[in-house]
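Inspection log for the structure reproduced underneath, given as C-alpha cells.
Residue numbers (the working numbering): 503 to 675.
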C-alpha cells in the first residue's frame, strides 16, 4: 500500500524548497504524491517559470485563495484545505517554510488527525513582530515530524520543549 503524501506550496519561496523534495520522493515507488498550491501568492507567468525551470509538476490541486490580511488569508486557506483533506485523505501533509499557508494547512491536518511534517523546522529570527516568526513557532509546536536544515534549529526546538525523537536533520533544501 502506498503512502499518500500531500506537499503544500503557497508562496514563491516554497517552490524552490519543494522542488528537491518532490524530486527525491519521486524516486520511491512507495509514495503517492499530490502537490497542492494554496494560491497565497499567485502570478501566472511566474508560476510557469517555477514549474518549468524547477521541474516541478503542475499542482494537482489549486485553492486560489489569493492575497488578503493575515487572518482573512489564513482562514480562507483553512476552509478550502479542509475540504481537500477530507476528500483526498492523505497519510501525511508536508509543508515548507513559514508563510500563512504553512500554519493554515498544518492546523487543518492536525485537527483532522493527519500526520504533519514541517521542513525548515526550528529556524528562528527571535523577532515576534514578524508574522513569519509566529507561523514558525506555532507550526513547530503542532508538527509530528520536524525536519531541520541546520544544527542550531535542533537547539531551538529542544529549548522550546519539543521531543528529540520528532527532530530529523535533513540538511538545507
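Built from N, CA and C at the ideal position, the CB exists for glycine as well.
All values reported here derive from a predicted model rather than from experimental measurement.
So residue i packs on residue j, CB below 8 Å; how close in whole Å?
i           : j           : result
residue 606 : residue 580 : 5 Å
residue 540 : residue 603 : 4 Å
residue 567 : residue 516 : No, residue 567 and residue 516 are not in contact; Cβ-Cβ is about 14 Å, not under 8 Å.
residue 533 : residue 505 : 5 Å
residue 648 : residue 670 : 7 Å
residue 600 : residue 634 : 4 Å
In the DSSP assignment, find the beta strand (DSSP E) that holds residue i and state where it starts and stops.
i           : result
residue 539 : 533-539
Give me the DSSP bridge partner(s) of residue i.
i           : result
residue 506 : 534
residue 620 : 597, 648
residue 670 : 649
residue 511 : 539
Which residue from the options puts its Cα closest to that of residue i?
i           : options            : result
residue 535 : 673, 514, 561      : 561
residue 510 : 529, 629, 542, 530 : 542
residue 643 : 663, 653, 628, 654 : 663
residue 559 : 584, 528, 578, 574 : 528
How would you write the range of the alpha helix (DSSP H) that residue i sits in, first residue to last?
i           : result
residue 609 : 602-613
Exercise. Using 8 Å as the threshold, is the region 523-539 in touch with the region 608-620, meaning 3 or more CB pairs across them?
Worked result: no
Does the structure place the region 586-596 close enough to the region 615-628 that three or more beta carbon pairs sit under 8 Å? Contact between the region 615-628 and the region 586-596 is present, because at least three Cβ pairs lie under 8 Å.
Does the region 621-628 come close enough to the region 642-659 to have 3 or more Cβ pairs within less than 8 Å? Output reads yes: the region 642-659 touches the region 621-628.
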